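Residue numbers (our numbering): 1 to 450.
For glycine and all other residues, C-beta sits at the position ideal for the given N, C-alpha and C.
In this text the structure is predicted, and so the values were computed from the model without any measurement.
Scroll down for the structure; my scribbles are underneath it.
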């Protein structure tokens with residue numbers, strides 16, 4: 001009975017993204033009932049939602065002893081959720097209940113802040129004179145069966161979550177041209193690791209930002225292999241690792257020297273892990289409809305249909321072990337918007353603009369996708385490519401089904417792309433044979449002299 005009385009005062013709120021200064025992040029493990037033992041009989045019910053929000057119910061009483069039920073929700077911010085709560089009134093119980101009778105009376109601001117998985121503080125400021133402003137400590141009263149609480153991102157993973165293990169190279173922004181870096185992410189049910197490492201940059205401290213929020217400082221030191229520095233996060237916290245009290249997956253990762261960003265990347269899985277496996281396009285973050293990964297580069301010219309005699313263009317497909325890129329570039333058309341059709345499907349619009357070298361426009365696709373490019377979720381191999389405007393076709397070509405072997409066709413010796421040279425290789429071979437014959441004749445002459 002005492003438990004039920006305490007349960008009638010439950011707390012419901014949640015927080016998800018946290019800064020490096022927070023002791024914990026409000027994760028799914030905070031879902032449950034919370035109360036102040038000194039005022040048992042009232043409290044909060046808190047539930048953390050998958051989208052990073054929290055809903056909270058405050059069961060309490062007014063100055064006359066009447067029951068008051070407050071409700072609110074808001075986005076989680078680290079270890080805190082601040083929400084505007086309202087009091088529902090007006091309806092009656094039973095068959096006569098009418099949802100239109102419910103009126104939500106604004107209560108004020110309520111903030112739930114947690115120090116760890118078992119304690120926190122509720123602070124409120126209300127225009128209702130019965131409540132005014134104040135705060136009270138909170139302790140956990142109940143939790144969900146089978147749900148652990150570490151105050152970190154692993155609390156939000158389950159046995160149904162994707163297993164991820166991948167590395168993302170950090171793009172060098174040019175400040176230290178010889179520098180490099182990468183970010184590693186590994187997720188298993190109940191365990192998440194996140195590491196960022198940079199090397200070959202000057203000694204000192206560099207700020208790690210995740211979606212613009214400072215998450216720590218990378219100290220670059222001298223090693224036998226040059227300069228390097230690393231930050232390691234884990235959830236639950238493991239050894240000397242920092243607690244992973246934020247979610248880096250899908251976030252913009254930046255390493256800054258003061259206010260200057262020197263490395264950046266979006267932390268998204270590609271082909272290096274997950275069910276797709278190495279060398280296949282269907283891993284997490286990839287598309288099954290894209291061309292396969294590989295080691296080739298194929299470029300074709302688009303054929304001018306005669307509507308604009310000066311127009312030209314090309315299409316290029318680059319296949320690598322961890323990505324596929326498809327680019328279409330057009331030039332010397334009138335400025336304006338042109339449609340790119342591949343295999344009878346509209347795949348994008350190309351804006352042709354004026355440049356110093358004339359008019360030009362381009363569309364870039366990639367699988368896995370990266371910032372500044374469109375997702376390559378189709379296969380151009382063997383497909384008809386057309387550049388159109390208002391139903392008129394200006395440029396067109398069918399992309400070949402036999403693709404190049406590597407970046408340098410000259411090294412292939414017999415690549416189909418070499419056929420475009422009009423048989424020059426055969427002519428060269430004939431010339432070589434003629435040269436050999438001449439050499440033999442010279443040798444014969446020399447022998448005759450002897």
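Would a C-beta distance cut-off of 9 angstroms place residue i and residue j closer than the cut-off?
i, j, result
"residue 168", "residue 253", "yes"
"residue 36", "residue 138", "yes"
"residue 376", "residue 251", "no"
"residue 112", "residue 60", "no"
"residue 153", "residue 242", "no"
"residue 67", "residue 53", "no"
"residue 209", "residue 256", "yes"
"residue 56", "residue 45", "yes"
"residue 301", "residue 333", "no"
"residue 217", "residue 226", "no"
"residue 78", "residue 246", "yes"
"residue 231", "residue 196", "yes"
"residue 370", "residue 331", "no"
"residue 120", "residue 34", "yes"
"residue 335", "residue 394", "no"
"residue 213", "residue 170", "no"
"residue 328", "residue 385", "yes"
"residue 89", "residue 71", "no"
"residue 381", "residue 368", "no"
"residue 173", "residue 200", "no"
"residue 131", "residue 62", "yes"
"residue 349", "residue 340", "yes"
What residue range is occupied by the uninterrupted beta strand (DSSP E) comprising residue i?
i, result
"residue 165", "164–169"
"residue 389", "384–389"
"residue 260", "260–266"
"residue 77", "Premise fails: residue 77 is in no beta strand (DSSP E) and is neither H nor E."
"residue 398", "392–398"
"residue 337", "336–342"
"residue 187", "180–188"
"residue 42", "That residue, residue 42, is in no beta strand (DSSP E); it is neither H nor E in DSSP."
"residue 120", "119–126"
"residue 106", "103–114"
"residue 191", "191–199"
"residue 94", "Neither: residue 94 is in no beta strand (DSSP E) and is coded neither H nor E."
"residue 346", "345–355"
Going by alpha carbons, who is nearest to residue i out of the options?
i, options, result
"residue 366", "52, 339 and 316", "316"
"residue 191", "32, 174, 148 and 330", "148"
"residue 188", "52, 245, 204 and 234", "234"
"residue 164", "390, 307 and 248", "248"
"residue 374", "326, 381, 396 and 386", "326"
"residue 179", "194, 202 and 93", "202"
"residue 102", "403, 115, 87 and 310", "87"
"residue 155", "356, 28 and 348", "28"
"residue 237", "193, 230 and 221", "193"
"residue 390", "338, 230 and 51", "338"
"residue 344", "323, 322 and 397", "397"
"residue 143", "118, 404, 328 and 166", "118"
"residue 347", "172, 268, 363 and 399", "363"
"residue 313", "320, 303 and 82", "303"
Put residue i into one of helix, strand or coil per three-state DSSP.
i, result
"residue 246", "coil"
"residue 56", "strand"
"residue 31", "coil"
"residue 84", "strand"
"residue 300", "strand"
"residue 241", "coil"
"residue 253", "strand"
"residue 371", "coil"
"residue 37", "helix"
"residue 153", "helix"
"residue 222", "strand"
"residue 327", "strand"
"residue 137", "strand"
"residue 100", "helix"
"residue 172", "strand"
Checking contacts by CB at 9 angstroms: is residue i closer than that to chain B?
i, result
"residue 243", "Going by chain labels, chain B is absent from the structure shown, which holds only one protein chain."
Residue i: buried (16+ other C-beta within 10 angstroms of its C-beta) or exposed?
i, result
"residue 122", "buried"
"residue 295", "exposed"
"residue 354", "exposed"
"residue 379", "buried"
"residue 24", "buried"
"residue 311", "buried"
"residue 297", "buried"
"residue 93", "exposed"
"residue 32", "buried"
"residue 318", "buried"
"residue 269", "buried"
"residue 404", "buried"
Within the present structure, is the beta-carbon of residue i separated from the nearest heavy atom of the ligand ADP by less than 8 angstroms?
i, result
"residue 168", "Here there are no bound small molecules, and the ligand ADP is not part of this structure."
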